[in-house]
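*Asks:*
Number of protein chains: 2
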Amino acid sequence: MTSPLCPTWIAVDWGTTHLRAWAMAPDGILAEATSDEGMGRLAATEFEAALLRLIDPWLGTSAVQVIACGMVGSRQGWHEAPYRTVPCAPVDPAALVSVPTRDGRIRVAIAPGLKQPKPADVMRGEETQIAGALALTPNYDGILCLPGTHSKWAHISAGEVVSFQTFMTGELFALLSEQSVLRHGMQGDGWDDTAFDSGLSDALSRPERLAARLFSLRAEGLIAGLTGPQARARLSGLLIGIELAAAKPYWLGQPVALIGAQALSQLYARALAAQGVVAQILPGPQCTLAGLATLARQTETRT
Amino acid sequence: MTSPLCPTWIAVDWGTTHLRAWAMAPDGILAEATSDEGMGRLAATEFEAALLRLIDPWLGTSAVQVIACGMVGSRQGWHEAPYRTVPCAPVDPAALVSVPTRDGRIRVAIAPGLKQPKPADVMRGEETQIAGALALTPNYDGILCLPGTHSKWAHISAGEVVSFQTFMTGELFALLSEQSVLRHGMQGDGWDDTAFDSGLSDALSRPERLAARLFSLRAEGLIAGLTGPQARARLSGLLIGIELAAAKPYWLGQPVALIGAQALSQLYARALAAQGVVAQILPGPQCTLAGLATLARQTETRT
Chain A
1 MTSPLCPTWI
11 AVDWGTTHLR
21 AWAMAPDGIL
31 AEATSDEGMG
41 RLAATEFEAA
51 LLRLIDPWLG
61 TSAVQVIACG
71 MVGSRQGWHE
81 APYRTVPCAP
91 VDPAALVSVP
101 TRDGRIRVAI
111 APGLKQPKPA
121 DVMRGEETQI
131 AGALALTPNY
141 DGILCLPGTH
151 SKWAHISAGE
161 VVSFQTFMTG
171 ELFALLSEQS
181 VLRHGMQGDG
191 WDDTAFDSGL
201 SDALSRPERL
211 AARLFSLRAE
221 GLIAGLTGPQ
231 ARARLSGLLI
241 GIELAAAKPY
251 WLGQPVALIG
261 AQALSQLYAR
271 ALAAQGVVAQ
281 ILPGPQCTLA
291 GLATLARQTE
301 TRT
Chain B
1 MTSPLCPTWI
11 AVDWGTTHLR
21 AWAMAPDGIL
31 AEATSDEGMG
41 RLAATEFEAA
51 LLRLIDPWLG
61 TSAVQVIACG
71 MVGSRQGWHE
81 APYRTVPCAP
91 VDPAALVSVP
101 TRDGRIRVAI
111 APGLKQPKPA
121 DVMRGEETQI
131 AGALALTPNY
141 DGILCLPGTH
151 SKWAHISAGE
161 VVSFQTFMTG
171 ELFALLSEQS
181 VLRHGMQGDG
191 WDDTAFDSGL
201 SDALSRPERL
211 AARLFSLRAE
221 GLIAGLTGPQ
231 ARARLSGLLI
241 GIELAAAKPY
251 WLGQPVALIG
261 AQALSQLYAR
271 ALAAQGVVAQ
281 ILPGPQCTLA
291 GLATLARQTE
301 TRT
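Order-wise, the sequence lines are chains A and B.
Take the first sequence: its position 85, counted from the start at 1, is 85 in this note's numbering, and no numbers get skipped.
Take the second sequence: its position 46, counted from the start at 1, is 46 in this note's numbering, and no numbers get skipped.
(1) Return the first residue and the last residue of the beta strand (DSSP E) that Arg20(A) is part of.
(2) Quick one: Cα of Gly228(A) to Cα of Ala95(A), how far?
(3) In the DSSP assignment, find the unbroken beta strand (DSSP E) run with Ala68(B) in it and report its ends.
(4) Hey, would you say Val108(B) sits closer than 8 angstroms to Ala68(B), going by beta carbons?
(5) Could one say the Cβ of Met168(A) lies closer than 8 angstroms to chain B's Cβ atoms, at least one of them?
(6) When the Cα atoms are used, what is the spatial distance from Ile110(A) to Gly70(A)?
(7) List the residues of chain B whose Cβ lies closer than 7 angstroms to the Cβ of Glu220(A), in chain order.
(8) Helix, strand or coil for Thr303(A), going by three-state DSSP, please let me know.
(9) Closer than 8 angstroms, CB to CB, is Glu208(A) near chain B or not?
(10) Less than 8 angstroms between the CB atoms is what I'm expecting for Ala21(A) and Thr8(A), so what's the real figure, rounded?
(11) Excluding the 5 residues preceding and the 5 following Ala290(B) in the sequence, name in chain order all residues of the same chain whose CB lies nearer than 6 angstroms to its CB.
(12) Report all residues from its chain with a CB closer than 8 angstroms to the CB of Asp36(B); omit the five preceding and five following residues, and keep chain order.
(13) Answer yes or no: do Arg75(B) and Leu114(B) have a C-beta to C-beta separation smaller than 8 angstroms?
(14) Considering only their Cβ atoms, is the gap separating Gln165(B) from Asp192(B) smaller than 8 angstroms?
(15) Cβ closer than 7 angstroms: which chain A residues qualify as neighbours of Gln165(B)?
(16) Which of helix, strand or coil does DSSP assign to His79(A)?
(17) Cα-Cα, which of Ser265(B), Gln275(B), Gln187(B) and Ala219(B) is closest to Gln254(B)?
(18) Beta carbons nearer than 7 angstroms to chain A: which residues of the segment 166-199 of chain B have them?
(19) Is the beta carbon of Ala263(A) closer than 8 angstroms to that of Leu282(A)?
(20) Please list, in chain order, all residues of the same chain as Thr303(B) whose beta carbon is under 8 angstroms from its beta carbon, the five residues on each side excluded.
(21) Kindly indicate if chain A contains any beta-carbon less than 8 angstroms away from that of Ala245(B).
(22) Interface residues of chain B around Ile242(A) at Cβ under 7 angstroms?
(23) If you follow the alpha helix (DSSP H) that Ala246(B) is in, where does it begin and where does it stop?
(24) Just reading off the alpha helix (DSSP H) that Arg270(A) is part of, what are its end residues?
(25) Go ahead and label Val122(A) buried or exposed: buried means 16 or more other beta carbons lie within 10 angstroms of its beta carbon, across all protein chains shown.
(26) Along the chain, which unbroken stretches of the beta strand (DSSP E) at least 3 residues long are found entirely within the segment 28-66 of chain A?
(27) Is it buried or exposed for Ser3(B), if we count other Cβ within 10 angstroms and need 16 for buried?
(28) Ends of the alpha helix (DSSP H) at Thr169(A)?
(29) Considering Cα atoms alone, identify which of Glu46(A), Leu175(A), Ala219(A) and Cys145(A) is closest to Pro249(A).
(30) Helix, strand or coil: how does DSSP classify Gly142(B) here?
(31) Using CA coordinates, which residue listed in Ser151(B), Gly142(B), Thr45(B) and Asp141(B) is at the minimum distance from Pro100(B)?
(32) Which residues does DSSP pair with Thr288(A) in a beta bridge?
(33) Give every residue of the same chain whose Cβ lies closer than 7 angstroms to the Cβ of Leu292(A), excluding the five residues on either side of it in the sequence, and list them in chain order.
(34) For Glu160(A), which residues does DSSP report across the bridge?
(35) Reducing DSSP to helix, strand and coil, say where Ser3(B) ends up.
As C-alpha cells, this is what we get:
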C-alpha cells in the first residue's frame with residue numbers, strides 16, 4: 001500500500017463534459033487526474049462520489065481544502081454558486097460557496113461564475129481562467145478571448161472584468177460538422193489553411209451570408225469536388241469569421257490575449273493576425289490552475 | 001375484397017424523411033397515402049417494397065405510370081437522376097429517369113433536381129414545386145421562396161429558373177432548438193410574435209451578431225426571465241432574419257411568392273411584410289402535385 005500524497009490543497013476544474021483535479025503542494029503540482037464524469041452526466045447527489053473516485057488515493061486522514069470552478073456550480077450542478085455581477089474582479093475568495101460533504105477528509109468550495117445583466121450574459125469557469133491569466137500577466141489591461149464551445153470575449157481593466165460577450169461558435173461547429181447534412185462532406189483527416197482563410201474572409205466581409213455559405217459546403221461537395229478537410233476548415237473559418245465580425249469592438253485597436261487549447265487558440269491567432277492583431281496565447285489549463293491557486297492562497301489567509 | 005382504384009397515374013413526393021403518394025384520375029385525386037419511409041431510412045434495394053407497401057391497394061393488373069420527385073433521385077436514393085443545370089425550365093419530361101422494377105404493375109420515373117455551378121448549389125424536389133407554382137400561376141415572373149429545412153430562393157423568368165440560393169435555416173433551427181444548450185430554454189408551448197419580430201429586426205440590422213445573439217437566448221433564460229415561447233420565437237426570427245439579410249438581392253423590389261407549409265410560410269410572409277414586401281402564399285403539397293401532373297401530362301403525350 002502506497003502512502004497518500006497529502007496535498008496542501010486540491011484544485012478542481014469541473015465542466016459539463018470533464019472533471020480534472022490537481023493535488024497541490026506549496027511549491028507545485030504533486031499529481032493530476034481526469035475523468036469524463038462531467039456535470040452533464042451527474043445528478044446533484046452523485047458529485048461527491050465522482051470526485052472521491054478521482055482523488056481518493058491522494059487523501060490522508062486530515063481534511064484538505066478542495067477548490068472547484070466550472071459548471072459544477074450551476075443550478076444543474078453539485079451546489080449552486082450564485083453568479084457575481086460585472087464589473088468586478090474575476091474571482092473573490094469571500095464569494096466561494098462551501099458545499100457540505102459526507103466525507104470529512106475534504107472541505108469543498110465552489111467559485112461562482114459571472115453574469116452581466118445587459119446585454120444578458122453568463123460565464124462559469126472562464127472567470128477562474130481570467131483570474132489565472134491576470135496572475136500570470138500582472139497588470140494586464142486589454143482583451144481576453146477564451147475560444148471554445150461558448151467562446152468568451154472579456155474586457156479587462158484595472159484587474160476587473162468590465163464587460164464580456166459569449167458566442168456559440170464551438171457548439172455551432174460541433175452541431176454542423178457532426179449532426180447536420182454537412183457531416184456527409186466532412187470525412188477525412190487533415191486541414192486546409194487556404195480554405196480556413198477563405199471562409200474567414202467571406203464571413204468577415206459578408207457575415208449575413210452565413211446560412212447560404214453553410215449550404216455551399218454541401219453543394220460544393222456534391223458538384224464541385226470540395227474535400228472533407230477543405231469543408232471542415234472552411235466551416236471553421238466561417239464560424240470564427242462571424243464571431244470576429246461581431247467581436248470587432250473588442251479586438252479593434254486593443255491588446256488581445258487568447259486563453260484556451262493550443263490548436264484552437266492558434267486558429268484564432270491566425271484569424272486575428274489576418275486583421276492585423278497580434279495576440280498572445282496563454283494555455284487554458286495553466287490559467288485555470290493559476291486562478292484556483294489565487295483563491296487557495298487567499299482562502300488560506302482568511303482561515 | 002375491394003376492387004382496386006386503378007388510377008391513371010400515381011404521383012410520389014419522396015423526401016429524406018417522408019413518402020407521400022397520390023392516386024390520380026384525369027379529373028383529380030382518387031386517394032392519398034403517406035408513410036415515414038423516407039430516403040434517409042432506406043437502402044437502394046428497399047425503395048420498391050416501401051412504395052408498394054403504400055400503393056399496392058391502388059394497383060390493378062395493368063401497368064401504371066409512377067412519377068416521383070425529391071431525394072429518391074439522389075445518389076443515396078433509389079436511383080440517381082443526374083441534376084439538370086440552370087438556367088433551365090424547372091422540370092423536363094425528357095429528363096425523367098426510368099427506374100427498373102421487379103413488379104410489372106408499376107413503371108417508375110424520377111424527376112431530376114437542379115444544380116447551379118457557380119455559386120455551387122443544388123435542389124431536389126423543389127424544382128417540381130416550382131414547376132407546379134408556374135402551372136398554378138402561369139406567366140409568373142419574379143421570386144419564389146421555398147422555406148424549409150434548406151430554404152430556397154429562386155429567380156424565375158420566362159418559365160425558367162435563372163438562379164437560386166439555399167439557406168440552412170430550418171436545419172439550424174432544429175439543431176439549435178433541439179440539440180444545443182438552447183434546448184433547455186425552449187420548453188413550453190406557444191409563440192410570441194413580438195419576440196419573433198425583435199429577433200428578425202436584430203438579425204436584419206446586425207446579422208454578424210448571430211452567434212452572440214444565440215447565446216443571449218440562453219443567458220436571458222438564466223438571468224432575465226426569457227420564457228420558452230419567447231426564446232423559440234426569437235430564435236426563429238434571428239434565423240429567418242439573417243436569411244432575409246442575405247437574400248435581399250432576391251426580394252428587394254421583386255414580386256415574391258412563398259411555397260411551403262402554411263405556418264412557416266406565414267412567418268416568412270410576416271418577415272417580408274416588415275420589409276415592405278407583400279408575398280403571395282402557395283401551398284407546398286399542391287405545388288408538388290401540380291408539378292408532377294405537368295410531367296405526367298407531357299409523358300403521356302410522348303408515349
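We treat Cβ as the ideally placed atom computed from N, Cα and C, and that holds for glycine.
Being a predicted model, the structure only gives us computed values, none of them experimental.
*Replies:* In short, the structure shows the following:
(1) Residues Leu19 to Ala25.
(2) Cα to Cα, the separation comes out at about 47 angstroms.
(3) Val64 to Cys69
(4) yes
(5) yes
(6) So the two alpha carbons sit approximately 8 angstroms from each other.
(7) Those within 7 angstroms of Glu220(A) in chain B are Ala120.
(8) Low confidence applies here, because Thr303(A) scores a pLDDT of 47, under 50, leaving its location unreliable; read the following figure in that light. The answer is coil: DSSP assigns Thr303(A) none of H, G, I, E or B.
(9) yes
(10) The pair is not a contact, with the Cβ atoms about 14 angstroms apart (cut-off 8 angstroms).
(11) Excluding positions up to five away in sequence, the list reads Gly132, Ala135 and Leu136.
(12) Thr17, His18 and Leu19
(13) no
(14) no
(15) Ala212
(16) His79(A) falls in the coil class under three-state DSSP.
(17) Gln275(B)
(18) Only those residues of the segment 166-199 of chain B whose C-beta falls short of 7 angstroms from the nearest C-beta of chain A are listed: Thr166, Phe167, Met168, Thr169, Glu171, Leu172, Leu175, Gln179, Ser180 and Val181.
(19) no
(20) In this prediction, Thr303(B) scores a pLDDT of 47, lower than 50, which makes its location untrustworthy; no coordinate-derived value is stated.
(21) yes
(22) Glu208, Leu210 and Ala211
(23) Gly228 to Ala246
(24) Gln262 to Ala274
(25) buried
(26) As far as the segment 28-66 of chain A is concerned, its whole beta strand (DSSP E) runs of at least 3 residues are 28-35.
(27) exposed
(28) Unbroken alpha helix (DSSP H) run through Thr169(A): Thr169 to Gln179.
(29) Cys145(A)
(30) strand
(31) Thr45(B)
(32) DSSP, once it has assigned bridges, lists no residue as partnering Thr288(A).
(33) Ala11, Ile67, Cys69 and Thr128
(34) Ser157(A)
(35) coil
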